[in-house]
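Just so we're aligned, residue 4 is where the sequence shown starts under our numbering, counting upward by one. The beta-carbon is built from N, C-alpha and C at its ideal position, and this holds for glycine as well.
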Amino acid sequence: MYGWMDKYMSPQTSSKAEPSRLRRRVIVELTPDELPLLEAAERRHGGKRAAMLAGLRAEADGVTRQARDGEAEEKRARAVAKRADTQAKAHAALLAECASLKASLATRTRERDAATAEIERLETKAQDQYAALFEDIADLEDRIPDALYCARCDTWAPEPEWTWRADGEDEIAYHTPCGDHGPGMLSNATWLARRRVA
Ligand SMILES: [Zn+2]
């Protein structure tokens with residue numbers, strides 16, 4: 004069917020040039036089992052020519068529709084593929100972000116653990132230093148004399164009777180009841196001790 008159609012329908016460009024004069028006689032042979040198809044179409048369209056034209060037009064419409072459907076299907080397939088691609092990219096981006104967040108979380112966790120360990124270490128160190136300091140204080144307290152000798156009143160002066168006063172960069176302690184007196188010609192000094200001020 005396509006063979007003769009191609010042969011006789013193709014010179015459409017020349018029929019455009021002179022439409023009124025161009026005619027082609029087409030002879031078609033039908034087998035007995037094909038004849039009822041033509042007769043039925045003839046009844047519907049009122050003649051052999053009209054029946055044949057209706058068939059050809061329907062076939063052309065079918066081809067056009069198929070092409071249109073094919074294009075639409077292709078367009079739909081392209082849209083589906085594009086959507087799938089977009090979704091795949093979004094999914095991959097989410098996965099990458101998720102992996103990045105997990106890595107970031109792992110880093111933060113390590114940093115937090117390290118910071119916690121450092122705090123514990125410093126706390127232990129501070130406690131040790133505090134304990135050592137108390138030991139030093141206790142040791143120093145043991146070394147402080149209980150009494151210092153005042154030459155003026157010839158007594159051992161206990162710590163509550165000491166008065167410390169500045170003397171340059173140092174401090175001097177004197178016996179409070181006797182007052183602040185340095186060594187002299189007629190009397191003895193009341194000075195008890197000297198210390199460096201830190
Ligand atoms: Zn004294």
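Cut-off 6 angstroms between Cβ atoms - residues of its own chain near residue i, not counting five sequence neighbours on either side
| i | result |
| --- | --- |
| G185 | A192 |
Counterpart residues of residue i in DSSP-defined beta bridges
| i | result |
| --- | --- |
| A176 | W167 and A196 |
| A204 | No answer is possible for residue 204: it lies beyond the span of the chain, which begins at 4 and ends at 201. |
Three-state class that DSSP yields for residue i in the structure shown
| i | result |
| --- | --- |
| A201 | coil |
| M188 | coil |
| C101 | helix |
| L151 | strand |
| P35 | coil |
| D183 | coil |
| L41 | helix |
| G58 | helix |
Other residues of its chain near residue i: CB distance less than 7 angstroms, five sequence neighbours each side excluded
| i | result |
| --- | --- |
| V66 | none |
| L33 | L41 |
| A44 | A54, A57 and G58 |
Cβ shell of residue i (< 8 angstroms), same chain only, five flanking positions each side left out
| i | result |
| --- | --- |
| G113 | It should be pointed out that residue 113 corresponds to Arg in this sequence rather than to Gly. Excluding residues within five positions, none has a Cβ falling inside 8 angstroms. |
| E172 | R199 and V200 |
Presumed contact (8 angstroms Cβ cut-off) between residue i and residue j, rounded CB distance
| i | j | result |
| --- | --- | --- |
| P161 | D149 | 7 angstroms |
| T166 | A154 | Incorrect: roughly 16 angstroms between the Cβ atoms, too far for contact. |
| L195 | L151 | 4 angstroms |
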